[in-house]
Ligand code: UFG
């Protein structure tokens with residue numbers, strides 16, 4: 001009997017790549033998604049249950065029907081800016097919704113949870129690279145909602161014996177190298193998609209937010225990790241928990257920092273197209289530099305990114321945004 005894995009948010013950008021990886025490993029992903037930001041046509045490797053995390057009865061019914069061995073919880077709202085303007089939505093969906101899921105897991109005797117956490121839980125780091133014991137002091141409601149649920153997982157693990165893997169993503173980017181899945185956000189606010197759209201002529205220009213940071217070229221530095229690598233890390237986390245591994249919190253990044261200008265250089269290398277840009281002031285709340293110490297993911301999960309060099313990220317994502325890549 002193949003294992004069933006319940007994936008909340010399985011119709012989203014990251015969730016759908018995770019479902020594909022699970023399926024490739026012989027498991028059946030059961031997507032639980034309200035399609036508020038996900039896409040039904042991205043659910044191709046297992047059933048879709050269209051429902052909300054707030055629907056405790058439907059969560060229990062779905063768990064009873066499929067008896068999943070593990071839950072991967074990706075379903076969340078994930079715009080930092082929106083979380084500042086609409087914290088109510090973020091606390092409702094990311095905290096209350098997640099707790100509803102966690103209680104359903106307890107009631108249905110599902111003791112393994114993989115959680116999509118974020119480097120946003122660290123806030124502005126005092127030192128780099130960021131490792132898992134760095135202080136978690138989020139600077140926006142989104143990061144706080146992710147941290148609150150990490151804390152709930154720890155407390156529930158101690159009291160009720162569940163086991164969890166909190167995966168703190170850095171910047172997810174790229175697309176399925178086989179071209180079956182893409183990033184589709186509405187609105188699209190992320191740097192790499194916008195740079196690709198601008199290079200493809202589908203956007204007038206890319207705004208560069210801040211050129212006066214204390215970085216080598218003055219633009220912000222982030223740690224981009226390929227979404228298919230992220231998906232593999234989830235598979236490793238599921239296998240870790242299935243093999244009775246203990247609870248853990250790990251960074252998922254490439255371990256390298258890449259500046260906004262370096263992204264634009266990579267777009268040029270891949271396509272021969274310049275990204276038209278406009279220089280803008282800093283975006284409020286942007287930390288200047290974020291990149292991960294990745295040692296724990298390697299030690300605990302045996303996870304080493306294979307596709308997360310910036311050229312591969314750009315080459316796999318380019319065509320999905322209408323940009324022809326040359327190599
Ligand atoms: N940027 C631009 N122009 C744009 C978009 C972004 O210059 O049009 C810059 C940003 O200022 C930032 C970098 O490109 O320095 C990356 O920005 P993204 O919006 O692509 O990603 P963020 O680093 O802001 O956000 C990501 C995740 C969030 C997570 C956050 C944690 O998308 O979910 O990291 O810091 F919370």
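Residue numbers (UniProt numbering): 1 to 327. Virtual Cβ for every residue (Gly too), placed ideally from N, Cα, C.
Determine the DSSP secondary structure at residue i, reduced to helix, strand or coil.
i	result
residue 8	strand
residue 307	coil
residue 53	coil
residue 316	helix
residue 326	coil
residue 189	coil
residue 246	coil
residue 143	helix
residue 300	helix
residue 203	coil
residue 265	helix
residue 286	coil
residue 178	coil
residue 274	coil
residue 25	coil
residue 183	coil
residue 1	coil
Among all the DSSP beta bridges, which residues are the ones paired with residue i?
i	result
residue 208	279
residue 292	130
residue 168	117 and 251
residue 173	226
residue 163	112
residue 16	Partner(s): none; residue 16 has no beta bridge.
residue 259	221
Below 8 Å between beta carbons: does that hold for residue i and residue j?
i	j	result
residue 367	residue 312	No information on residue 367 is available, as it lies outside the stretch 1 to 327 that the chain covers here.
residue 225	residue 162	no
residue 320	residue 183	yes
residue 75	residue 59	no
residue 172	residue 150	no
residue 296	residue 154	no
residue 129	residue 237	no
residue 278	residue 205	yes
residue 306	residue 217	no
residue 208	residue 267	no
residue 281	residue 210	yes
residue 42	residue 181	yes
residue 88	residue 170	no
residue 138	residue 123	yes
residue 234	residue 78	no
residue 73	residue 231	no
residue 11	residue 40	yes
residue 63	residue 110	yes
residue 164	residue 247	yes
residue 168	residue 119	yes
residue 323	residue 261	no
residue 152	residue 276	no
residue 253	residue 294	yes
residue 26	residue 2	yes
residue 196	residue 318	yes
residue 95	residue 148	yes
Can we count residue i as close to the ligand FMN, meaning its CB is less than 7 Å from some heavy atom?
i	result
residue 191	Absence of the ligand FMN is noted for the structure shown, with the ligand UFG being the only ligands found.
- Mind pulling the alpha helix (DSSP H) runs of 4 or more residues that sit fully within the region 77 to 124? Segments of the alpha helix (DSSP H) lying fully in the region 77 to 124: 80 to 85, 87 to 90 and 97 to 107.
- Query: Considering only residues of the region 27 to 74, which uninterrupted alpha helix (DSSP H) runs meet the minimum length of 4 residues and lie entirely inside it, listed in chain order?
  - Reply: DSSP runs (the alpha helix (DSSP H)) wholly in the region 27 to 74: 56 to 66.
- Query: Taking only runs of the beta strand (DSSP E) that begin and end inside the region 207 to 242, which ones reach a length of at least 3 residues, in chain order?
  - Reply: The qualifying runs are 224 to 226.
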